[in-house]
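Below is one structure, written out as structure tokens, with a few remarks after it.
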Amino acid sequence: MAQEGFNAHWQKAAQDPTDRRFDFASHIVNTKKFVASRILTKDIQIPGGWHNSSVLNGNLETEIEKLKSSNSGDIIVYGGATLVSSLINADLIDEYHLIINPVALGKGLAIFKKQTNLKLVNATPFKGGIVVSHYRK
105 MAQEGFNAHW
115 QKAAQDPTDR
125 RFDFASHIVN
135 TKKFVASRIL
145 TKDIQIPGGW
155 HNSSVLNGNL
165 ETEIEKLKSS
175 NSGDIIVYGG
185 ATLVSSLINA
195 DLIDEYHLII
205 NPVALGKGLA
215 IFKKQTNLKL
225 VNATPFKGGI
235 VVSHYRK
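Residue numbering for the sequence shown follows my numbering, beginning at 105 and increasing consecutively.
Below, the structure written as structure tokens:
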């Protein structure tokens, strides 16, 4: 997501107080970000630059354990099925906020490789049918 312009997108939205995404965008821009990558380094230019961002290119489980033990707050993962699945399988995720879109694709990558029992904390429906469900292990 770093190479696709995640930082640039939110930086642009955070420059315009009339943008409906302004508050969220400002939060994203000012929040410390960690990019898990086997190939990226901070020497590689990305859209929006590396403002408030670090690269995790060591052993992912070890790097995430270090972040969790630092007690710096919540860790939010934006990423593809491979990244998320590896964190789930390593038992590194404590809570899930799943965004459910009312579209059945008929294919895709599974993020859960084994049965995982979750407890619903709450679910918030939005116009258009999207539901955000919050679960704990």
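Just so it is clear, CB atoms sit at the ideal spot from N, CA and C, and this is done for glycine as well. Bear in mind that the values here come from a model prediction, so they are computed numbers and not experimental data.
How would you call LYS137, buried or exposed, if buried means at least 16 neighbouring beta carbons within 10 angstroms?
Mapped onto the sequence shown, residue 137 falls at position 33. A residue is called buried when at least 16 other Cβ atoms come within 10 angstroms of its Cβ; LYS137 meets this threshold and is buried.
Would you tell me roughly how many angstroms separate the C-alpha atoms of ASP74 and ILE204, rounded to the nearest one?
Only positions 105 to 241 of the chain appear in this structure, which leaves residue 74 out of reach.
Kindly say whether ASP178, judged by its beta-carbon, lies nearer than 8 Å to any beta-carbon of chain B.
Structure shown: chain B not included; a single protein chain is present.
When DSSP labels each residue in this structure, what does VAL235 get in the three-state scheme?
Indexing the sequence shown from 1 puts residue 235 at position 131. VAL235 falls in the strand class under three-state DSSP.
Beta-carbon within less than 8 Å of ASN221's beta-carbon, same chain only, minus the 5 sequence neighbours each way: which residues are those?
The residue you call residue 221 lines up with position 117 of the sequence shown. The residues are LYS241.
Does the distance from the C-beta atom of ASN193 to that of PRO151 stay below 8 Å?
As a working note, residue 193 is residue 89 in the sequence shown. As a working note, residue 151 is residue 47 in the sequence shown. Result no, Cβ atoms of ASN193 and PRO151 do not sit closer than 8 Å.
Pull up the distance between the alpha-carbon of LYS172 and that of PRO206, whole angstroms please.
Residue mapping note: residue 172 aligns to position 68 of the sequence shown, counting from 1. Residue mapping note: residue 206 aligns to position 102 of the sequence shown, counting from 1. Near 33 Å, if we compare the C-alpha coordinates of PRO206 and LYS172.
Helix, strand or coil for VAL207, going by three-state DSSP, please let me know.
Reading the sequence shown from its first residue, position 103 is the one you call residue 207. Note: VAL207 maps to coil in three-state DSSP.
Please report the distance separating the alpha-carbon of LYS146 from that of GLY232.
Here residue 146 is taken as the residue at index 42 of the sequence shown, counted from 1. Here residue 232 is taken as the residue at index 128 of the sequence shown, counted from 1. Rounded to the nearest angstrom, the two C-alpha atoms are 39 Å apart.
Give the C-beta separation of LEU154 and ILE132 to the nearest angstrom, bearing in mind that I take them to be a contact with Cβ-Cβ under 8 Å.
Start at 1 with the first residue of the sequence shown, and residue 154 comes out as number 50. Start at 1 with the first residue of the sequence shown, and residue 132 comes out as number 28. Looking at the sequence itself, residue 154 is Trp, so the reference to Leu does not match. Taking 8 Å as the upper bound for CB-CB distance, TRP154 and ILE132 are not in contact here, some 14 Å apart.
Ordered along the chain, which non-local residues of its own chain (more than five positions away) have a Cβ less than 7 Å from that of ASN163?
Counted from its first residue, the sequence shown places residue 163 at position 59. Answer for ASN163: no residue qualifies.
Alpha helix (DSSP H) segment containing VAL244, residue limits:
With the chain covering 105 to 241 only, the question about residue 244 has no answer from this structure.
Nearest candidate by alpha-carbon position, reference SER190, set ALA214, SER174, ILE179:
Start at 1 with the first residue of the sequence shown, and residue 190 comes out as number 86. When only C-alpha atoms are compared, the closest one is ALA214.
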